[in-house]
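The structure appears right after this line, and notes come after that.
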Amino acid sequence: MTPIETPRVTLREFTAADAQRWWQLQCDPRMSRYTADGGVQSAEEIERILRDVVCADYRTYGYGRWAVIHREHDQLIGFSGLKYLPEHDEVDIGYRFAPDYWGQGLATESSAAVMEYGWNVLQLQRIVGMVLPENTASVRVLEKLGLGFVRHEQEDGETVAVYAAERPLD
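Note that the sequence shown covers residues 15 to 184 in my numbering.
So this is what it looks like as structure tokens:
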């Protein structure tokens, strides 16, 4: 994947070199407050996830969650990207940012570029977003991206709201 630049961030594939910084970010419990996965427990787990999940998605599907680099600070601040969910046969848009970068519109900015990539490069027909309903900031991002509420479902013992958007007409 060629990196994607927006006015404030660059999106690129994660590499093994990102593991230490990603671990530093994940040590803040606010990073996983609204995730059903409960967060990561060790630097070794981060390395394994990057290698066996994130980078494996790039090889298997040709896309995945991408590192978001703040261009002014030249620093990894989170992720934004697409993930194929085989158990749902859906492509999910997801994002997670360091709390210092919350409320600045970076999730919307980076995810809008991800959506455009999904529609125009990958030629996806549908993109979903799965969010805990109490994560109102993330719900607002999905709505700004044009995803609409579809249903609630149970995921890992949690009630998750599913939002979706269909491919725009050309």
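The beta-carbon is built from N, C-alpha and C at its ideal position, and this holds for glycine as well. Only a predicted model underlies this, so the values are computations on that prediction, with no experimental measurement involved.
Beta-ladder partner(s) of residue i, from DSSP
i	result
V105	Y98
A178	V142 and G162
F93	A81 and R110
E19	T24
Q168	T173
Span separating the alpha-carbon of residue i from that of residue j
i	j	result
I91	R44	14 Å
E19	V105	22 Å
E180	G171	28 Å
R62	G132	26 Å
M144	P100	14 Å
L156	V142	9 Å
H84	D114	12 Å
D88	R35	12 Å
L138	A57	34 Å
Candidates the options: closest to residue i by CA position
i	options	result
R73	E58, S56, Y98 and Q89	Y98
Q40	A112, Y177 and I63	A112
V82	D170, V105 and V128	V128
L159	S124, L136, N134 and R165	S124
G117	L136, N134, E167 and N149	N149
Start-to-end residues for the alpha helix (DSSP H) that takes in residue i
i	result
V128	L120 to N134
Y72	C69 to Y75
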